[in-house]
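Inspection log for the structure reproduced underneath, given as structure tokens.
Here is the structure:
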């Protein structure tokens, strides 16, 4: 599903005005340390799996749903990596303007579930596993930013600090 119905209904009322939405990002890592990525049909760029929370839906449930819809993969959430509001306003091709608060989660394939990715919907041209040191190009700018936050989180976690990252007073903490 490209644009949730609740967003389409809001757009009927507010047109292209700025809309604030909650989103999720999935950092799906397999046992070999590879990352799950998809090539987006709208931009042709490679990106992490991400999507929009439905009203009343828990962010962790949203990330599991989005991964399933876009890649066919069954995953489980292991960590909350970050909660960060973007200061970037995205203007889509149709003129809609949006900003996001992103909840990023570290996930792993769910034991007993589907672990072989496939293109699950019209949002992706291709999906697959990639070594983090050899990611496909071109990468979406948002993915590059979020991978930086993931590295910060994982470095801190290795040192015993597994709290979710957030920005306060302009600094990632």
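Residue numbers (this note's numbering): -15 to 157.
Note that the Cβ used here is the ideal one computed from N, Cα and C, for glycine as well.
Since this is a predicted model, take the numbers as computed values, not measurements.
Residue -1: buried (16+ other C-beta within 10 angstroms of its C-beta) or exposed? exposed
Status (buried if at least 16 other CB within 10 Å, exposed otherwise) for residue 130: buried
Any idea what DSSP makes of residue 78, helix, strand or coil? coil
Can residue 13 and residue 21 be called in contact, C-beta distance under 7 Å? no
With distance defined between alpha-carbon atoms, name the residue in 31, 64, 141, 85 nearest to residue 110. 31
For residue 26, which option in 117, 77, 100 has the closest C-alpha, if you only look at C-alpha atoms? 77
What residue range is occupied by the uninterrupted beta strand (DSSP E) comprising residue 62? 59 to 69
Using the rule of at least 16 other Cβ atoms within 10 Å of the residue's Cβ for burial, across every protein chain shown, is residue 75 buried or exposed? If you draw a 10 Å sphere on the C-beta of residue 75, you find fewer than 16 other C-beta atoms in it, and that means exposed.
Return the first residue and the last residue of the beta strand (DSSP E) that residue 5 is part of. Element bounds for residue 5: 3 to 12.
Start and end of the beta strand (DSSP E) containing residue 73? Looking at the DSSP string, residue 73 is not in any beta strand (DSSP E), and its letter there is neither H nor E.
Can you determine whether any heavy atom of the ligand GTP sits closer than 6 Å to the C-beta of residue 140, and answer yes or no? Because no ligand of any kind appears in the structure shown, any question about the ligand GTP cannot be addressed here.
Whole-number beta carbon distance between residue 106 and residue -14, since they are thought to touch under 8 Å: 7 Å
Buried or exposed for residue 16, please, with buried defined as at least 16 other CB atoms from any protein chain shown within 10 angstroms of its CB. So residue 16 counts as exposed.
Secondary structure of residue 44, DSSP reduced to three states: helix
Can you tell me whether residue 93 is buried or exposed? The criterion is at least 16 other CB atoms within 10 Å of its CB, across all chains shown. The C-beta of residue 93 has 16 or more other C-beta atoms within 10 Å across all chains shown, which makes the residue buried.
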